[in-house]
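Following: one structure in structure tokens, then a few remarks.
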Amino acid sequence: MTDTVSRRAALFAAGLLCCLAAGARAGYPDRPIRVVLPYAPGAAGDIAIRQVQPLLEKRLGQPLVIDYRTGAGGNIGVQDVVRAKPDGYTLVLGATNNFVINQYLYRKLGFDPLEDLAMVGKLADVPAFIYISAAVPAQDYAAFAQYARQHAGKLNYGSPGAGTTPHLSAYMLSEAMHASMTHIPYRGSSLGVQALLANEIQLYIGGYSIAASYMPQGRVRALAVASPTRYPGLKEVPTAAEAGMPDVVLSNWWGLAAPKGTDPAVIAVLSQALNEVLAMPQVRESYAQGGFVPGKGSPAEFEAALRSEARRWQDIVRKSGVMLDN
Numbered sequence: 001m002t003d004t005v006s007r008r009a010a011l012f013a014a015g016l017l018c019c020l021a022a023g024a025r026a027g028y029p030d031r032p033i034r035v036v037l038p039y040a041p042g043a044a045g046d047i048a049i050r051q052v053q054p055l056l057e058k059r060l061g062q063p064l065v066i067d068y069r070t071g072a073g074g075n076i077g078v079q080d081v082v083r084a085k086p087d088g089y090t091l092v093l094g095a096t097n098n099f100v101i102n103q104y105l106y107r108k109l110g111f112d113p114l115e116d117l118a119m120v121g122k123l124a125d126v127p128a129f130i131y132i133s134a135a136v137p138a139q140d141y142a143a144f145a146q147y148a149r150q151h152a153g154k155l156n157y158g159s160p161g162a163g164t165t166p167h168l169s170a171y172m173l174s175e176a177m178h179a180s181m182t183h184i185p186y187r188g189s190s191l192g193v194q195a196l197l198a199n200e201i202q203l204y205i206g207g208y209s210i211a212a213s214y215m216p217q218g219r220v221r222a223l224a225v226a227s228p229t230r231y232p233g234l235k236e237v238p239t240a241a242e243a244g245m246p247d248v249v250l251s252n253w254w255g256l257a258a259p260k261g262t263d264p265a266v267i268a269v270l271s272q273a274l275n276e277v278l279a280m281p282q283v284r285e286s287y288a289q290g291g292f293v294p295g296k297g298s299p300a301e302f303e304a305a306l307r308s309e310a311r312r313w314q315d316i317v318r319k320s321g322v323m324l325d326n
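Heads up: the sequence shown runs through residues 1 to 326, numbered per this note's numbering.
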């Protein structure tokens, strides 16, 4: 009898969720949706969302209006969404820093992204490649680690800014190699890669698109990619595990979220549209060409992954000693 009641309750709950989603789908959205991007135009997240924007608009039946709100490492744009009305018409497209790092990095952030946002889903992963200068006499990770130890305190690594995923990952890699490398921050990846080409820095961690084009000419080398599998566009580059690299390099990613309190049925509509679009073969192909891996999964799965990753970043930030002001 108890099993029968439980089954009926489960069926009722499932039916209720379907009705809620159907109701939200019938009335939502009925006007344009604003997507706040907390970085300047041309960022990886901007490129990723633009590639799927028309497909998402077709499924949702309304325009997506990209609103660039830059400043303070993305905190200004995220805070704008945290304070927005939770009606499903204001979203944020944030990166790893915005969801799982900055709350440990900034002294006075003013909000907790994991508590003050409702997660929709991951848009894209950007697998991190470990690039080294061609001037370094090393063809693989083992040789580079040995070289870095032999030249402890004399090598440099670059990043697109203090506290970014490339900075913190390179710091942890330097620590693992006992290399005591010096961090040199740049205003964006392009300047960092130019410094790598000039051998002003010897190590730079970043996505496929920032430096892969220099590899055929032998101007940079990729020691590994921080990914469970080899990247389709550079199959000759081993994964970090295959290269024997310690598990310290974490990749960047981009995800969508709404203000806390947004109707779960509305979140479900957005999540379904996102997953359907990211599963399309043409999207997967175009993403691969740009260095992206399409995201997938439910809002609950995305949030659980973020909470787990946040604990790891909290420990990394603590070890690095980096602390920033807004």
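For glycine and all other residues, C-beta sits at the position ideal for the given N, C-alpha and C.
Please read these numbers as outputs of a predicted model, since none were measured by experiment.
Self-check item: CA-to-CA distance, V100 to E309, given in whole angstroms
Solution: 7 Å
Quiz item: Taking contact to mean at least 3 C-beta pairs separated by less than 8 Å, is the stretch 224-231 in contact with the stretch 121-134?
Solution: Yes, the stretch 224-231 touches the stretch 121-134.
Quiz prompt | Chain-order list of residues whose beta-carbon lies under 6 Å from that of M119 (same chain, five-residue window excluded) | solution = Same-chain partners within the cutoff: A257, P299, F302 and E303.
Self-check item: Cβ separation of A212 and S180, assumed to be a contact under 8 Å, to the nearest whole Å
Solution: Taking C-beta atoms under 8 Å as the contact rule, A212 and S180 fail to qualify, at a distance of about 28 Å.
Quiz prompt | Boundaries (first-last residue) of the alpha helix (DSSP H) holding V317 | solution = P299 to S320
Exercise. Identify every run of the alpha helix (DSSP H) within the stretch 107-154, keeping only runs that are complete inside it and at least 4 residues long; order them along the chain.
Key: Contiguous alpha helix (DSSP H) elements confined to the stretch 107-154 occur at 113-116 and 141-150, taking only those with 4 or more residues.
Practice problem: Using 10 angstroms around the beta-carbon of P232, count the other beta-carbons present and answer buried if the total reaches 16, otherwise exposed. | Solution: exposed
Self-check item: Distance CB(G158)-CB(Y141) smaller than 8 Å
Solution: no
Quiz item: How about L234 and Y208: are their beta carbons less than 8 Å apart?
Solution: It is a contact, given that the beta carbons lie within the stated cut-off.
Quiz item: When burial is assigned at 16 or more other CB atoms within 10 Å of the CB, is T229 buried or exposed?
Solution: exposed
Quiz item: Could you give the distance in angstroms between the alpha-carbon of G297 and the alpha-carbon of A243?
Solution: 29 Å
Practice problem: Give a yes or no on whether the C-beta atoms belonging to R344 and T90 are separated by under 8 Å. | Solution: Nothing can be reported for residue 344: it is not among the residues displayed for the chain, which extend from 1 to 326.
Self-check item: Burial state of V317, where buried means 16 or more other Cβ atoms lie within 10 Å
Solution: buried
Quiz item: Which residue from Q53, Q202 and P63 puts its Cα closest to that of E276?
Solution: Q53
Quiz item: When the Cα atoms are used, what is the spatial distance from P264 to P246?
Solution: 39 Å
Practice problem: Could you tell me whether the Cβ atoms of R59 and A273 are closer together than 8 Å? | Solution: yes
Quiz item: Secondary structure at V293, three-state DSSP: helix, strand or coil?
Solution: strand
Quiz item: What residues in its chain sit with their C-beta under 7 Å from that of Q79, if we drop five residues either side in the sequence?
Solution: G110 and F111
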